[in-house]
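*Asks:* First residue of the sequence shown: 581, per our numbering; consecutive thereafter.
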Amino acid sequence: MCGIVGYIGTKKAVPVLINGLLSLEYRGYDSAGLAVLNNDNSLKIVKDMGRVKKLQDNSELESLTGSIGIAHTRWATRGMPSKINSHPHTDNNNTFTVVHNGIIENYDELKSFIEKKGYALHSETDTELIPNLIHYFYNKNTKKGVLFAVTEALKKLEGSYALEITSPLLKDEIIVVKKDSPVVIGVGKNENYIASDIPAILSYTKDFYFMEDYEIAEVKKDSITFYNYDLNIIEKEIKNIEWDAIASEKNGYDDYMLKEIYEQPTAIRETIGTSFNKEGNINLPLNSLDVNKYNKIYIVACGTAMHAGIATKYIFEKFTQIPCEVDMASEFRYRNPLINEKTLCIFISQSGETADTIAALKLAKKSGSTTLSIVNVIGSSITRISDFVLYTHAGPEIAVASTKAYTCQVTLLTILALFISEKLGLSNTADFEKLKNDLNQLPDKIKYILDNCDKVKNIANQIYQDKNMFFIGRINDYAVAMEGSLKVKEITYIHSEAYAAGELKHGPIALIEDGVSVIGIITNPSISSKTLSNLDEVVTRGANIILISNQDIDINSSNINEESIVKIPDCSSLISPVLSVIPLQLLAYHIAKCKKLDVDKPRNLAKSVTVE
Ligand code: G6P
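Here it is as structure tokens:
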């Protein structure tokens, strides 16, 4: 999704802006641009389609010497990727220049409004409306100043926006606005930074202001003033972020995704470590959560985060005895879910900024449900709206395809289920103790898988030219099948589908022919023979089987070649998704490498999906 960076200070703005845009590349984009207010108060814009590298190499940047600048990576929504549609956008008189992350929903209405006032729009974007609206209101009442004109323009906008506004009229400041799209302000000494998210400016500062919806910031090099839309001053607190800037760099790995896959033992150890006390008891910051009042649990999220929910639904049901449903945020928000004050709604999000998840969360709050969110990014929007927040300790996740966030989410959700179980007095069982013990062994077992994964690379070498793949499993092995299939789609562009193993014969088996790869996941001994039979059914129709399992598979009776079996360490089948997903992450990664694809920045995808 679009990324925003801004700088105001004493250094040249361009290198800071370019660095910031490079750090935001993982969000996904198709064009990049920037505007700098030079010392002679002239505003210069350079923008084009393509990578930030191309912008960085543009010789026009040499004339941009000022210390106030705004920059943007665009992920096309309204209007194709093109130079003219790239940001920044200016008004017809070149007075106000704007970069925008979000979508203006009342575009048609505002377009005819502004055109009637004599303004012409040159791009297809909704963003171009904004500088023109500001100009219109400024011209109408110049005495009231720019900030007033900005608020008048904002009152007309419907939709989502994080905005940076610069102008020769604003000699020493950048105006920043937020509604439903993320933006943070980093505080420096005699300089300040603006960005869509923390990693973009983490190498400059660890002190941040998190802007809330309907807030305006007047950012100068030595002061930041926050206002509401009525232009009353708001007091805000600076938050210190402990993340290490180095942790968001590649650290010797070829790609962020590979680095993040290998960080999983540490990330999970940290996530577990912060959820247990020294005595080994679960210790979550949920003292005022009244677990006795719930008769329903909803887990709501998007993409990989939703798969973490599906993988742990069974743990919630088994240990809390409360029915648990998992839903896609994009569906939940529009389908009038049956939720009330007796519902515990759990939201999962790596970024804490996913637009659909935020909307679903707001809906749940309105219904009187309790909202509890599992988030990776500290201070993100979801954490500020939810009644309760638990943090995964995955550290910054940069690769678009989520890996360590997923395994940390599954781990933390499991701990949450056990926490509720204990509070409900249901924990006095051998299964409870076993799961608790198994949790603590996860980091070492993941490390074992990572240290012994050559087979996965070989398999990737053999199947990377496939056109179709199937992932099958039952119960939470099916949840992992979905996640494995998503990883393959996201970064290898191979068509892949996940199916509950028993459903295969109700249609998809018609697609099985010679050489189609079917990846089976088997970690539950009580039903392993069932999934094995389903694999046999496809073997006889010519499929190429790959098996991820913690069981001793009798190869002769199952027709599966030993080289295609990836053995993972044993553990309770309930928590096995944290282990069985690792070979699938690596499989997708190595296939993408064989195909020479950009694993960290897959086409069309965005890390942080801040629009609907
Ligand atoms: C995007 C990302 C996925 C992610 C999903 C939800 O689609 O590409 O990797 O799972 O958003 O993101 P969230 O930040 O809410 O976990």
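The C-beta atom is built at its ideal place from N, Cα and C for all residues, glycine as well.
With contact counted as at least three CB pairs below 8 Å, one residue from each stretch, are the stretch 642-658 and the stretch 611-626 in contact?
*Replies:* Yes, they touch.
*Asks:* Roughly how many angstroms lie between the CA atoms of Tyr-1044 and Lys-1069, to the nearest whole one?
*Replies:* Their Cα atoms are separated by approximately 12 Å.
*Asks:* According to DSSP, is Ala-612 helix, strand or coil?
*Replies:* Strand at Ala-612.
*Asks:* Counting pairs of Cβ atoms below 8 Å between the stretch 895-915 and the stretch 848-859, do you hit three or more?
*Replies:* The stretch 895-915 vs the stretch 848-859: no contact.
*Asks:* Taking the Cβ atom as the reference point for each residue, do Asn-712 and Ile-694 lie within a distance shorter than 8 Å?
*Replies:* Contact: yes.
*Asks:* How far does the beta strand (DSSP E) with Cys-925 in it reach, from first residue to last?
*Replies:* Where Cys-925 is concerned, the enclosing beta strand (DSSP E) stretches over 923-929.
*Asks:* DSSP on Ala-944, reduced to helix/strand/coil?
*Replies:* Three-state DSSP puts Ala-944 in a helix.
*Asks:* Suppose only complete runs of 4+ residues qualify. What are the alpha helix (DSSP H) ranges in the stretch 606-668, listed by chain order?
*Replies:* Runs of the alpha helix (DSSP H) inside the stretch 606-668: 632-636.
*Asks:* For the pair the stretch 914-925 and the stretch 1021-1030, tell me if three or more CB-CB distances fall below 8 Å.
*Replies:* Cβ pair count under 8 Å is below three, so no.
*Asks:* To the nearest angstrom, how far is it from the Cα of Asp-554 to the Cα of Arg-1054?
*Replies:* With the chain represented from 581 up to 1192, any question about residue 554 goes unanswered, as that position is not in the structure.
*Asks:* Per DSSP, which residues does Asp-967 bridge with? Please list them.
*Replies:* BP columns for Asp-967 are empty, so no partner.
*Asks:* Would you tell me roughly how many angstroms separate the C-alpha atoms of His-1086 and Asn-1114, rounded to the nearest one?
*Replies:* When rounded, the distance between both Cα atoms is 12 Å.
*Asks:* Scan the stretch 677-738 and note each continuous beta strand (DSSP E) run of 3 residues or more that stays entirely inside, going in chain order.
*Replies:* 677-681, all fully within the stretch 677-738.
*Asks:* Tell me which residues share the same chain as Pro-1163 and place their Cβ nearer than 6 Å to its Cβ, disregarding the 5 neighbours each side in the sequence.
*Replies:* Only Val-1036, Ile-1128 and Val-1146 meet the Cβ criterion.
*Asks:* Between Glu-840 and Glu-704, what straight-line distance do the alpha-carbon atoms span, to the nearest angstrom?
*Replies:* For Glu-840 and Glu-704, the distance between alpha carbons rounds to 38 Å.
*Asks:* Comparing C-alpha positions only, which one of Asn-808, Ser-1065 and Val-1191 sits nearest to His-887?
*Replies:* Of Asn-808, Ser-1065 and Val-1191, the residue nearest in Cα terms is Ser-1065.
*Asks:* Is Ser-931 near the ligand G6P, with its Cβ less than 7 Å from a heavy atom?
*Replies:* Yes; taking the cut-off as 7 Å, the Cβ of Ser-931 has a heavy atom of the ligand G6P nearer than that.
*Asks:* Give the DSSP-derived three-state secondary structure of Asn-1017 in the structure shown.
*Replies:* In the structure shown, Asn-1017 sits in a helix (DSSP, three-state: H, G or I).
*Asks:* Buried or exposed, going by whether 16 or more other CB atoms sit within 10 Å of the CB of Ser-961?
*Replies:* Answer is buried; the Cβ neighbour count reaches 16.
*Asks:* Have a look at Tyr-1079, Phe-717 and Lys-1047 and flag the residue whose alpha-carbon is nearest the alpha-carbon of Gly-1095.
*Replies:* Looking at the Cα atoms, Lys-1047 is the closest of the given residues.
*Asks:* Would Val-1189 and Cys-904 qualify as a contact pair, given that the criterion is a beta-carbon distance under 8 Å?
*Replies:* No, the pair does not count as a contact, with Cβ atoms beyond the cut-off.
*Asks:* With C-beta atoms as the reference, is Met-837 less than 8 Å away from Ala-979?
*Replies:* It is a contact, given that the beta carbons lie within the stated cut-off.
*Asks:* With distances taken from CA atoms, which of Ile-1000, Lys-723 and Gly-586 is nearest Ser-868?
*Replies:* Of Ile-1000, Lys-723 and Gly-586, the residue nearest in Cα terms is Ile-1000.
*Asks:* Pick from Asp-628, Leu-601, Leu-604 and Val-594: whose alpha carbon is nearest that of Leu-644?
*Replies:* Looking at the Cα atoms, Val-594 is the closest of the given residues.
*Asks:* Three or more C-beta pairs under 8 Å: does that hold for the stretch 743-754 against the stretch 662-676?
*Replies:* Result yes; three or more Cβ-Cβ pairs closer than 8 Å.
*Asks:* Any idea what DSSP makes of Tyr-1073, helix, strand or coil?
*Replies:* Coil.
*Asks:* As a quick exercise: from Ser-803, Val-763, Asn-772 and Asp-777, pick the residue whose alpha carbon is nearest that of Glu-795.
*Replies:* Out of Ser-803, Val-763, Asn-772 and Asp-777, Val-763 has the C-alpha closest to the C-alpha of Glu-795.
*Asks:* For the beta strand (DSSP E) that Val-906 lies in, which residues bound it at each end?
*Replies:* Its beta strand (DSSP E) spans residues 904-908.
*Asks:* Is Lys-942 close to the ligand G6P? I mean its beta-carbon at under 7 Å from any heavy atom of the ligand.
*Replies:* Checking the Cβ of Lys-942 against the ligand G6P gives no.
*Asks:* Spatial neighbours of Gln-844 within its chain, please: CB distance less than 6 Å, with the 5 preceding and 5 following residues excluded, ordered by chain position.
*Replies:* Within the same chain, Gln-844 has close Cβ partners Lys-984, Thr-987 and Ile-1026.
*Asks:* Please list the terminal residues of the continuous beta strand (DSSP E) segment that includes Thr-983.
*Replies:* Careful: Thr-983 lies outside any beta strand (DSSP E) and carries neither H nor E.
*Asks:* So the beta strand (DSSP E) Val-767 belongs to, where does it begin and stop?
*Replies:* Run containing Val-767: 764-767, per the beta strand (DSSP E) assignment.
*Asks:* Note the first and the last residue of the continuous beta strand (DSSP E) segment covering Asp-787.
*Replies:* Asp-787 -> beta strand (DSSP E) spans 787-790.
*Asks:* Can you tell me which of Thr-1072, Thr-1103, Asn-1104 and Lys-1110 puts its alpha carbon nearest to the alpha carbon of Ala-1081?
*Replies:* Checking every option, the nearest Cα to that of Ala-1081 belongs to Lys-1110.
*Asks:* Any heavy atom of the ligand G6P closer than 7 Å to the Cβ of Leu-1177?
*Replies:* Not so, every heavy atom of the ligand G6P lies at least 7 Å from the Cβ.
*Asks:* State the DSSP-derived secondary structure class of Glu-795, mapped to helix, strand or coil.
*Replies:* Three-state DSSP puts Glu-795 in a strand.
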